[in-house]
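In the numbering used here, the protein residues as written are 50 to 350.
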């Protein structure tokens, strides 16, 4: 089976398109028809495909399957989009347009929940349902790696952030986000508990209910729109996000060295003023020439 799949993938890569014998239905044909001669990793339109739809698709036991949607955000060589977690932002917006679930799981690197019935898992799925969990915005479970050597000489398990000191860097000891194993309350992405930040499009807000089917024309149109590389151009988030593109940090300046350099300049300024006062009142300009030169140079820089 593996060798057969490998040969098929290599054939598709070599040909640059998916042969018709590999396409089994009209839905797949519509999806692969988006691949054109100019389709590259850095230039392609949004590709969105509903693989499984809850309520329609069922497993071998007849139980309904969850929604499974493939999304490749639009890419353009003329638009900067490889910053500020662009892929994750697109996933959040597309999920808001298609289902708007109140809980957002974040999983990668084959992160699986091996014991779905343990108390921690139940606590995750009760976010927002129980009174004692309504003020929680994130639940993070540590990664556990299998197959590592006994002493973990390459520090592959990240024991420090998961077991020794799991406190984050938000100043209040919050948990760190390592990119997987986290459950977010969607409402937490729109401001604090008492200060709701309403998005420009109300359909992307945390309280909006998606009433139509996920494959309806209206839902798919909005999903393609929010996955576009120019979607953020006219939004408040896009305007604020330019600081990331320009390398500007949260305190509003373009370098993390701003604070120490500013303090150094003030210290040099004080030394300069003190040196001038000593020259004026006590004389001895020759002895303070070097000090004045260095202090003045530091202030100018």
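Ideal Cβ placement from N, Cα and C applies to all residues, glycine included. What you are looking at is a predicted structure, and each value in this text was computed from that prediction instead of being measured.
- Here residue 124 is bridged, per DSSP, to 93.
- The beta carbon of residue 68 is closer than 8 Å to those of 60, 61 in its chain, skipping five residues each way along the sequence.
- Of all alpha-carbon atoms in 141, 280, 248, 209, the one lying nearest the alpha-carbon of residue 232 is that of 141.
- In the structure shown, residue 247 falls within a coil segment according to DSSP collapsed to helix, strand and coil.
- Just so you know, the alpha carbons of residue 256 and residue 149 end up roughly 8 Å apart.
- Residue nearest to residue 274 within the set 74, 89, 121 is 121 (criterion: CA-CA distance).
- Just so you know, the alpha carbons of residue 226 and residue 211 end up roughly 11 Å apart.
- Under the Cβ criterion (8 Å, minimum of three pairs), the segment 189-197 does not count as touching the segment 253-268.
- By the Cβ neighbour-count rule, residue 86 is exposed, with fewer than 16 other Cβ atoms within 10 Å of its own.
- The straight-line gap separating the alpha-carbon atoms of residue 97 and residue 138 is approximately 15 Å.
- Beta-bridge annotation (DSSP): residue 83 is not paired with any residue.
- Boundaries of the beta strand (DSSP E) harbouring residue 189: 187-189, taken from the DSSP string.
- Taking C-beta separations shorter than 6 Å and ignoring five residues to either side along the sequence, residue 112 has no partners in its chain.
- By alpha-carbon distance to residue 126, the top candidate from 278, 311, 329 is 278.
- Taking every protein chain shown into account, the CB of residue 95 has 16 or more other CB atoms within 10 angstroms, so this residue is buried.
- Under the DSSP assignment, residue 141 falls in the alpha helix (DSSP H) whose first and last residues are 135-147.
- For residue 236, no alpha helix (DSSP H) encloses it, and the DSSP letter there is neither H nor E.
- Distances from the CA of residue 102 to each of 309, 200, 118 were compared; the closest alpha carbon is that of 118.
- By the beta-carbon neighbour count (other beta carbons within 10 angstroms, threshold 16), residue 282 is exposed.
- In terms of CA proximity to residue 88, 66 leads the group 151, 203, 66.
- Taken through DSSP and simplified to helix, strand or coil, residue 309 comes out as helix.
- With a 10 Å radius around the Cβ and a threshold of 16 neighbouring Cβ atoms, residue 197 comes out exposed.
- With a minimum length of 4 residues, the unbroken runs of alpha helix (DSSP H) contained wholly in the segment 263-289 fall at 266-275.
- One thing to note: residue 237 has its Cβ no nearer than 8 Å to the Cβ of residue 143.
- Around the C-beta of residue 136, fewer than 16 other C-beta atoms lie within 10 Å, and the residue is accordingly described as exposed.
- By the criterion of a C-beta distance shorter than 8 Å, residue 57 is surrounded in its chain by 71, once the five residues flanking it on both sides are discounted.
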